[in-house]
Amino acid sequence: QTGMFTFDPGFTSTASCESALTYIDGDEGVLLHRGYPIGQLAEHSSFMEVSYLLLNGELPSADELKTFETTITRHTMLHEQLATFYRGFRRDAHPMAIMCGVVGALSAFYHDSTDISDPQHRKISSHRLIAKMPTIAAMAYKYSVGQPFLYPDNNLSYTGNFLRMTFGVPAEEYEVVPAVEKALDRIFILHADHEQNASTSTVRLAGSSGANPFACIAAGIACLWGPAHGGANEAALNMLHEIGTPDKIPHYIERAKDKNDPFRLMGFGHRVYKNYDPRATVMQKTVREVFDALKVSDPVFEVALRLEEMALNDDYFVEKKLFPNVDFYSGVILSAIGFPTTMFTALFALARTVGWVAQWNEMISDPGQKIGRPRQLYTGPTQRDYVPLDKR
Ligand code: SDX
């Protein structure tokens with residue numbers, strides 16, 4: 036009982052696990068991280084502070100936050116041999132394919148933190164993953180555009196460092212634009228964790244066997260890549276560009292309602308939210324802030340706003356409780372900042388890594404934890420005898 040609403044653990048029948056990290060009420064459109072509403076965290080916190088909160092359960096003091104940020108900063112460099120690993124990919128490899136490969140390859144390094152029975156090893160692996168993701172994602176982008184990799188700069192913030200490694204070049208100073216840094220940091224907060232979504236469940240299931248923590252996160256990246264999950268942000272912006280102008284929207288809304296048409300409104304609907312995704316609300320506000328800061332506009336934002344308005348006034352979407360989700364507006368902002376659509380899901384993976392490692396830690400440190408073993412409803416033939424080849 037929180038005085039605001041009664042916590043309904045109601046899914047005990049279908050719950051895959053117990054967790055204290057994130058609470059979602061899909062009907063009310065509520066998302067809490069360790070009890071704090073996502074809207075308040077997005078407004079007042081930072082991605083590093085939310086990372087500390089998810090990992091440790093409480094908001095940090097100023098000293099605790101400083102120590103955490105310093106620890107993360109000092110793990111941002113990648114083993115130099117991994118830079119060679121990138122050279123094995125085609126230049127046009129999707130950044131998510133590269134991230135799956137490179138994060139999995141971390142299992143072949145850093146052996147000094149993979150004894151998951153040792154809490155200190157678990158802590159170091161978690162910090163390494165959170166710290167190295169921006170470097171790995173930035174290097175995937177640099178490799179795709181044929182530009183040199185930039186080493187991390189310890190004088191910059193977590194998000195500022197990522198912006199510089201992505202868009203900076205050795206030939207000149209890179210100026211982090213504070214409004215862009217703040218907007219991107221807020222986008223990372225909005226993607227940090229989200230209860231037992233498909234990729235988090237993948238990480239938990241892989242981790243439940245005692246697998247190498249880096250390999251478990253690589254499994255989460257693979258699952259997130261799908262267009263029904265984290266790949267939706269890339270698909271949503273591609274869809275908005277395909278629609279092109281507001282007058283084309285009714286045609287696409289009709290297609291989305293047509294059961295014989297596989298087309299879905301990307302960035303709409305959710306397995307849990309049957310109300311507005313509270314992250315989409317913050318995301319829409321952030322679009323305007325970034326446009327103002329960069330003095331840009333993008334007609335695709337008008338298409339998105341109009342599409343949302345028309346869908347939310349369409350009986351089909353109202354009846355099926357389909358609202359914009361976190362992926363609907365994120366691409367508009369990331370595109371305005373300068374990211375290609377192929378990097379959108381890589382940024383989602385970068386931010387979700389803290390959620391994955393926090394959920395993994397919560398599971399692994401539970402002494403009663405057992406290997407995951409989902410069961411099935413068998414629909415195949417009943418037992419029968421073998422038929423020799425000459426009798427078939
Ligand atoms: C994320 O789980 C998480 O928490 C994920 C995530 C996270 O932070 O980790 O929140 C991130 O993955 C957000 C979701 C991003 N995906 C998309 O935006 C892709 C487009 N959305 C759809 O593919 C769909 O909405 C899903 C996959 C998200 C959910 O699909 P479901 O489970 O089918 O949704 P539902 O049961 O609520 O659907 C009800 C009906 C169905 O029709 P009927 O079978 O009742 O006839 O609505 C239809 C669906 O076919 N429907 C849509 C639709 N989404 C659902 N119809 C048109 N367009 C859509 N987008």
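To convert, take the position in the sequence shown, counting from 1, and add 35; that gives the UniProt record's numbering.
Idealized CB from N, CA, C, for every residue including glycine.
- DSSP places T57 in the strand class (E or B) of the three-state scheme.
- Between the ligand SDX and the CB of R306, the shortest heavy atom gap is smaller than 6 Å.
- Around the beta carbon of L424, fewer than 16 other beta carbons sit within 10 angstroms, so the residue counts as exposed.
- For V138, the enclosing alpha helix (DSSP H) covers residues P130 to A140.
- Residue state for P183 is assigned as coil, using DSSP reduced to three classes.
- Here the alpha carbons of C135 and A381 stand approximately 10 Å from one another.
- At least one heavy atom of the ligand SDX lies less than 6 Å from the C-beta of A267.
- Secondary structure of P402 (DSSP, three-state): coil.
- Within 6 Å of the C-beta of M83 there is not a single heavy atom belonging to the ligand SDX.
- Across the structure, R341 and S54 are spaced so that their CA atoms are roughly 38 Å apart.
- The C-alpha of A346 is placed about 8 Å away from the C-alpha of V353.
- Comparing alpha-carbon positions, the option among P416, L219, A393 and K356 lying closest to K158 turns out to be A393.
- Residue state for P154 is assigned as helix, using DSSP reduced to three classes.
- A distance below 8 Å between beta-carbons, with the five flanking residues on each side excluded, links P154 to the following residues of its chain, in chain order: S400.
- An exposed status is given to H146, since fewer than 16 other beta-carbon atoms sit within 10 Å of its beta-carbon.
- Taking the CA atoms as reference points, F184 sits about 33 Å from N360.
- Taking the Cβ of R290 as the reference point, every heavy atom of the ligand SDX lies at 6 Å or farther away.
- Within the DSSP bridge table, the entry for V204 names E207 as partners.
- Under the criterion of beta carbons closer than 8 Å, P169 and Y193 qualify as touching, at roughly 7 Å.
- Comparing alpha carbon positions, the residue from I151, I165, A50 and A257 closest to L89 is I165.
- If you look at L67, you'll find it in the beta strand (DSSP E) that goes V65 to H68.
- A residue is called buried once 16 or more other Cβ atoms fall within 10 Å of its Cβ, and H286, having fewer, is exposed.
- Straight-line measurement puts the Cα of E344 at about 36 Å from the Cα of V238.
- A direct Cα-Cα distance of roughly 34 Å separates V212 from C251.
- At a threshold of 6 Å, A263 counts as near the ligand SDX, since its beta carbon sits closer than that to one of the ligand's heavy atoms.
- In this model, K283 and T417 are separated by some 52 Å (Cα to Cα).
- If you draw a straight line from the Cα of P205 to the Cα of G245, it comes to about 41 Å.
- Each residue's CA atom was taken as its position, placing P375 and T111 some 23 Å apart.
- Each residue's CA atom was taken as its position, placing D228 and H68 some 8 Å apart.
- Ranked by Cα distance from P72, the options E84, T57 and F82 are led by T57.
- Of the candidates L113, K217 and Y413, K217 places its Cα closest to the Cα of H79.
- The DSSP-derived three-state label of Y71 is strand.
- Burial is judged here by how many other beta carbons sit within 10 angstroms of a residue's own beta carbon; E210 has fewer than 16 and is exposed.
- Annotation: G61 to R314 spans about 12 Å, alpha carbon to alpha carbon.
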